[in-house]
Amino acid sequence: MSQFAMKELSLPAQFLVNTMDASTDPIAQFHAWMADASASEPNDPNAMSVATVTADGQPSVRILLLKGVENGAFQFFTNYESRKAGELVNGKAALCFHWKTLRRQVRVVGPVEKVPAAASDAYFGVRQRGSQIGAHASLQSQPLASRDVLVQAVADVEARYAEQDVPRPENWGGYQVIPSEIEFWLDQPYRLHDRFVFTRAGNGWQMQRLYP
Ligand SMILES: Cc1cc2nc3c(=O)[nH]c(=O)nc-3n(C[C@H](O)[C@H](O)[C@H](O)COP(=O)(O)O)c2cc1C
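So for the sequence shown, this note's numbering puts the first residue at 32; every next one is plus one.
The following block contains the structure:
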């Protein structure tokens with residue numbers, strides 16, 4: 032090894048710190064990182080990429096907001112007739128969080144299912160009225176002829192529910208990913224990052240460190 036390479040690879044002490052071990056609860060760890068992200072990210076710390084795949088194997092991905100982790104399941108809300116919904120019928124999804132200021136990433140893989148209707152009702156009920164109306168007016172992922180068509184649809188929904196609560200549309204609600212795998216990634220010098228993958232094992236989790 033050249034002298035230069037030796038110098039380059041003198042790693043700082045932090046590199047040697049073992050940040051997670053088999054006793055780490057990945058859900059608690061996720062909450063801790065989300066709390067850090069809430070304090071550090073300029074906006075939407077709960078934004079995540081949600082990857083889905085068609086029946087013939089074509090993947091697609093988009094950003095959604097995580098609305099909670101309930102009983103260890105990662106929940107988001109959307110339109111049940113959207114493109115993603117069509118792809119989620121195969122029951123599989125993957126999530127990816129990237130917190131730029133923290134230089135951290137979390138990946139989640141697992142089966143996905145609709146959240147109970149009562150939970151969708153509860154969340155829909157606390158959304159802003161404008162968002163509730165929007166959920167009725169938007170045929171998410173369908174072709175839209177013009178902005179005017181959407182504006183007219185919003186006006187129609189507003190008129191329909193004037194002076195009354197807006198009910199949750201049947202085609203709008205939550206999904207939850209039940210993680211079979213959660214991976215934590217921490218930036219380290221020289222791209223020799225730390226990766227810890229937790230895989231479900233019985234009622235608990237098994238941790239494995241991965242090469243960066
Ligand atoms: C920061 C951000 C947050 C978003 N949050 C949501 C969300 O929580 N639910 C949703 O349906 N779409 C959300 N979207 C829009 C989606 O990225 C996407 O355009 C939409 O859900 C349609 O996706 P689809 O055609 O693949 O079904 C968000 C977009 C951004 C950029």
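Each residue gets a CB set at the ideal place from its N, CA and C atoms; glycine is no exception.
_Identity of the residue in Arg135, Ala125, Arg199 and Phe107 nearest Ser69 by Cα_ = Counting from 1 along the sequence shown, the entry for residue 69 is found at position 38. For the residues Arg135, Ala125, Arg199 and Phe107, the minimum Cα distance to Ser69 belongs to Arg135.
*Any idea if Val180 is buried or exposed, counting beta-carbon neighbours within 10 angstroms, 16 or more meaning buried?*
Residue 180 sits at position 149 when you count from the first residue of the sequence shown. Exposed: under 16 other Cβ atoms inside 10 Å.
_Tell me whether Phe227, by its Cβ, gets closer than 7 Å to a heavy atom of ligand 1._
As a first step, residue 227 is located in the sequence shown; it is residue number 196 there, counting from the start. Answer for Phe227: no, Cβ out of range of ligand 1.
*Is Glu194 buried or exposed, if buried means 16 or more other CB atoms sit within 10 Å of its CB?*
Along the sequence shown, read from residue 1 onward, the residue named residue 194 stands at position 163. By the neighbour-count rule (16 or more Cβ atoms within 10 Å), Glu194 is not buried but exposed.
*If we ignore side chains and look at the alpha-carbon of each, how far apart do Met37 and Ser91 end up?*
Here residue 37 refers to the residue found at position 6 when the sequence shown is read from its first residue. Here residue 91 refers to the residue found at position 60 when the sequence shown is read from its first residue. At Met37 the pLDDT is 45, less than 50, meaning the model places this residue with poor confidence and gives no usable figure here.
_Three-way DSSP call (helix, strand, coil) for Met32 in this model_ = Sequence index remark: in the sequence shown, residue 32 carries index 1 (1-based). At Met32, the pLDDT of 41 sits below 50, so the modelled position is not reliable; the number obtained from the coordinates is stated separately. Correct three-state label for Met32: coil.
*Check Val139 in the structure and name its three-state DSSP category.*
Walking along the sequence shown from the start, residue 139 turns up at place 108. It is a strand residue.
*Asp203 vs Asn74 beta-carbon contact at 8 Å*: Residue 203 sits at position 172 when you count from the first residue of the sequence shown. Residue 74 sits at position 43 when you count from the first residue of the sequence shown. This sequence places Trp at residue 203; Asp is not what is there. Not a contact, by the Cβ cut-off of 8 Å.
*asked:* Let's test the definition: count the other Cβ atoms within 10 Å of the Cβ of Phe227 and tell me whether it reaches 16, buried, or not, exposed.
replied: Here residue 227 refers to the residue found at position 196 when the sequence shown is read from its first residue. Buried.
*Given a threshold of 16 other Cβ atoms within 10 Å of its Cβ, counted over all protein chains shown, does Glu201 qualify as buried or as exposed?*
As a position in the sequence shown, residue 201 is number 170, starting the count at 1. By the neighbour-count rule (16 or more Cβ atoms within 10 Å), Glu201 is not buried but exposed.
*Can you grab the Cα-Cα spacing for the pair Leu223 / Pro57, in whole Å?*
In the sequence shown, residue 223 corresponds to position 192, counting from 1. In the sequence shown, residue 57 corresponds to position 26, counting from 1. Leu223 and Pro57: Cα-Cα distance of roughly 22 Å.
*asked:* Using only the alpha-carbon positions, how far apart do Gln106 and Tyr206 sit?
replied: The residue you call residue 106 lines up with position 75 of the sequence shown. The residue you call residue 206 lines up with position 175 of the sequence shown. Taking the straight line from one Cα to the other gives about 6 Å.
*Opposing strand residues paired with Gly99 [DSSP bridges]*: Within the sequence shown, residue 99 is the residue found at index 68, counting from 1. In DSSP, Gly99 forms a bridge with Gln106.
*Hey, how far is the Cα of Arg191 from the Cα of Gly103?*
As a position in the sequence shown, residue 191 is number 160, starting the count at 1. As a position in the sequence shown, residue 103 is number 72, starting the count at 1. Approximately 38 Å, taken between the alpha carbons.
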